[in-house]
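Trainee:
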Amino acid sequence: MLPIWNQRKLDIKNYEVDPKQVHLIGHSLGAHTAGYAGSLVQNLGRITGLDPAEPYFQGMPAHVRLDPTDADLVDVIHTDGKGIFFLGYGMSQPCGHLDFYPNDGKEQPGCDITQSPLVPLTLIREGLEEASRVLVACNHVRAIKLFTDSINSYCPYISHQCSNFNQFKEGKCFTCKQGTNCAIMGYHADATPGLLENDVLPQAKLQETIGARFYMITGKEYPFCHRTYRVTVELARPVYAESWVQGHLKATVYSPNGVMNMDLTPSGEAKLEHGSTYTAVVSHPVDMAGNVRRVELNWEYDMNVLEPRTLCLFWCNDHLYVKNVLVEEMELPGRGKRDAQFSSRLCSTGKKDYVDIASRGKGIFLDACSTSDKYANS
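With UniProt numbering, the residue at position 9 of the sequence shown is 9, and numbering never jumps.
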């Protein structure tokens, strides 16, 4: 390593290269290679690790793998961290100042092996090499696609710090108040407003984020960046309602930018308890651009033969009773002190303070809890 070290020192001196202006980007094994370069060249400006390789690196000492000491800023995108025994090639272990885990950093949308139509379509469009990547290493190479898409994206790749992805999906990590609670994933990670001080990333703040995990939801194809929203459904509990029902809930949202369809139970059927609230974090490629005017909830009861309590035939009530719907945009860094960019609460259009939605039926909710909305009689 000594000859390499001497050569690098000569290159920096002869070409007057300022190491702080250097940004190394490495994928898989290349991420760790960039780390080795950073350990040899002091004061390197930035290293971006794109799904750093797991085998022989995960859990190893810092000097063996990419780590935060390799550059002033080390940002990492994890997309294939299932573990090598489950054919996951990337690390799940945090190894930078900012570690991003889009879609939990394990399985990426559109990379399911059962989605076989993607392979022949990619073969026709992009050739054998890219089709092979889709089949074998789709999750692993997604980090590259996310990073390149972020360069000129009008949509900010905002991610939020959270203890785990389940809590993120439950809407428990929604604020940017503390500055270090959220960050920009991808090319513009060094421009995160909450971390900057006088256009500089202070090391003191970066030290606070080491070991933290930043989550976001992306799409399955270009453009990958989605806006993120928290939808909270408050359930009523009239005397004739079941204590809980199980099924699928979808929303049609009317916003200034058009009509958007959202799946509020993306992981399958959900158990909804009357008298409580149900919260889902959902994403959409279109920005709502303001307060929501109308929401339609579509409900479908789901029976599970393995759970007799859900076999609703003649003697139970499969209706869902909803008081109101709250739609919030996930907070962006450096934009005020609110928990959300906007907040729209929508209520029943009828005489009761709740909407009775039959299975495979629809309930309508309007903004400001008013029945005078122009959509009420549509």
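Glycine included, every Cβ here is placed at the ideal spot set by N, Cα and C. Since this is a predicted model, take the numbers as computed values, not measurements.
1) Taking the alpha-carbon positions, what's the L29 to G49 distance?
2) In terms of residues, what are the limits of the beta strand (DSSP E) holding V282?
3) Check Q207 in the structure and name its three-state DSSP category.
4) Out of A137, L73 and F86, state which residue places its alpha-carbon closest to the alpha-carbon of H97.
5) What first and last residue would you give for the beta strand (DSSP E) that runs through K323?
6) Distance check for K106 and F174, CA to CA, integer angstroms please.
7) Let me confirm a value: N43 is counted as buried when at least 16 other C-beta atoms fall within 10 Å, else exposed. Which label applies?
8) Helix, strand or coil for L29? Go by DSSP, reduced to three states.
9) Answer yes or no: do K250 and N261 have a C-beta to C-beta separation smaller than 8 angstroms?
10) Is it true that the CB of A62 sits closer than 8 angstroms to the CB of I47?
11) Which word fits V322, buried or exposed, when buried means at least 16 other C-beta atoms lie within 10 angstroms of its C-beta?
12) So, for A137: in the same chain, excluding its five sequence neighbours on each side, which residues have a beta-carbon less than 7 angstroms away from its beta-carbon?
13) Check G38 in the structure and name its three-state DSSP category.
14) Whole angstroms are fine: how far does the CA of L201 sit from the CA of Y187?
15) Residues bridged to L249 by DSSP?
16) Start and end of the beta strand (DSSP E) containing S267?
17) Is the stretch 271 to 289 touching the stretch 225 to 233, taking contact as three or more C-beta pairs under 8 angstroms?
18) Taking contact to mean 3 or more Cβ pairs, one atom from each stretch, closer than 8 angstroms, check whether the stretch 240 to 247 and the stretch 191 to 211 are in contact.
19) From V76, P68, T180 and E54, pick the residue whose C-alpha is nearest to that of K82; which is it?
20) Quick one: is E16 buried, meaning 16 or more other Cβ sit within 10 Å of its Cβ, or exposed?
21) Report back the beta-carbon spacing between A31 and P52 to the nearest angstrom; my notes put them in contact at under 8 angstroms.
22) Apart from the five residues just before and just after C176, which ones in its own chain have a Cβ nearer than 7 angstroms to its Cβ?
23) Who are N257's beta bridge partners in DSSP?
24) Helix, strand or coil for H160 per DSSP?
25) One question on the structure: do V231 and V325 come within less than 8 angstroms of each other, judged by their Cβ atoms?
26) Can you list, in chain order, the residues of its chain with a C-beta nearer than 8 angstroms to that of D190? Leave out the 5 residues immediately preceding and following it.
27) Pick from G171, P223, F86 and S159: whose alpha carbon is nearest that of I151?
28) Below 7 angstroms CB to CB, which residues in the same chain sit around N257 once its five sequence neighbours on both sides are set aside?
29) Just list the residues that DSSP pairs C347 with in beta bridges.
Mentor: Working from what's here:
1) Locating residue 29 in the sequence shown gives position 29, where the first residue counts as 1. Locating residue 49 in the sequence shown gives position 49, where the first residue counts as 1. Cα to Cα, the separation comes out at about 9 angstroms.
2) Against the sequence shown, residue 282 aligns to sequence position 282. Counting along the chain, the beta strand (DSSP E) containing V282 begins and ends at T277 to H284.
3) One-based indexing of the sequence shown puts residue 207 at position 207. Three-state DSSP puts Q207 in a helix.
4) If you number the sequence shown from 1, residue 97 lands on position 97. Considering only alpha carbons, the answer is L73.
5) Residue numbering aside, residue 323 sits at position 323 when the sequence shown is read from its first letter. L320 to M330 is the span of the beta strand (DSSP E), which, as asked, contains K323.
6) Looking up residue 174 in the sequence shown gives position 174. Looking up residue 106 in the sequence shown gives position 106. Straight-line Cα distance between these residues: approximately 21 angstroms.
7) Here residue 43 refers to the residue found at position 43 of the sequence shown. Burial call: exposed.
8) Here residue 29 is taken as the residue at index 29 of the sequence shown, counted from 1. Note: L29 maps to helix in three-state DSSP.
9) Position 250 of the sequence shown holds residue 250. Position 261 of the sequence shown holds residue 261. Cβ distance < 8 angstroms, so K250 and N261 count as in contact.
10) In the sequence shown, residue 47 corresponds to position 47, counting from 1. In the sequence shown, residue 62 corresponds to position 62, counting from 1. Going by C-beta atoms, I47 is not nearer than 8 angstroms to A62.
11) On the sequence shown, residue 322 is found 322 positions in, with the first residue counted as 1. Counting Cβ neighbours within 10 Å, V322 comes out buried, since at least 16 surround it.
12) Stepping through the sequence shown from its first residue, residue 137 is reached at position 137. For A137, where only same-chain residues beyond five positions count, the Cβ hits under 7 angstroms are Y89.
13) Counting from one through the sequence shown, the residue named residue 38 turns up at place 38. Three-state DSSP puts G38 in a helix.
14) Counting from 1 along the sequence shown, the entry for residue 187 is found at position 187. Counting from 1 along the sequence shown, the entry for residue 201 is found at position 201. Approximately 15 angstroms between the Cα atoms of the pair.
15) Looking up residue 249 in the sequence shown gives position 249. Answer by DSSP bridge pairing, in chain order: W299.
16) For this step, residue 267 is matched to residue 267 along the sequence shown. That residue, S267, is in no beta strand (DSSP E); it is neither H nor E in DSSP.
17) Touching, yes, given that three or more Cβ pairs across the two stretches are closer than 8 angstroms.
18) no
19) As a first step, residue 82 is located in the sequence shown; it is residue number 82 there, counting from the start. Measuring from the Cα of K82, the nearest candidate turns out to be E54.
20) In the sequence shown, residue 16 corresponds to position 16, counting from 1. Here E16 is exposed: its Cβ has fewer than 16 other Cβ atoms, across all protein chains shown, within 10 Å.
21) The residue given as residue 31 occupies position 31 in the sequence shown. The residue given as residue 52 occupies position 52 in the sequence shown. Right, the Cβ-Cβ distance comes to about 4 angstroms (below 8 angstroms), so this counts as a contact.
22) Working through the sequence shown from its first residue, we reach residue 176 at position 176. Answer for C176: C182, G194, E331, L332 and P333, listed in chain order.
23) Stepping through the sequence shown from its first residue, residue 257 is reached at position 257. As DSSP reads the structure, N257 sits in no beta bridge.
24) Counting from 1 along the sequence shown, the entry for residue 160 is found at position 160. In this structure, H160 counts as strand in the three-state DSSP scheme.
25) In the sequence shown, counting from the first residue as 1, residue 231 sits at position 231. In the sequence shown, counting from the first residue as 1, residue 325 sits at position 325. Yes; because the gap between Cβ atoms is below 8 angstroms, this pair is in contact.
26) Residue numbering aside, residue 190 sits at position 190 when the sequence shown is read from its first letter. For D190, where only same-chain residues beyond five positions count, the Cβ hits under 8 angstroms are R46, L73, D75 and L201.
27) As a position in the sequence shown, residue 151 is number 151, starting the count at 1. With distances taken between Cα atoms, I151 lies closest to P223.
28) Walking along the sequence shown from the start, residue 257 turns up at place 257. Closer than 7 angstroms at Cβ, skipping near neighbours: V286, D287, M288 and A289.
29) Mapped onto the sequence shown, residue 347 falls at position 347. C347 pairs with N324 and L366.
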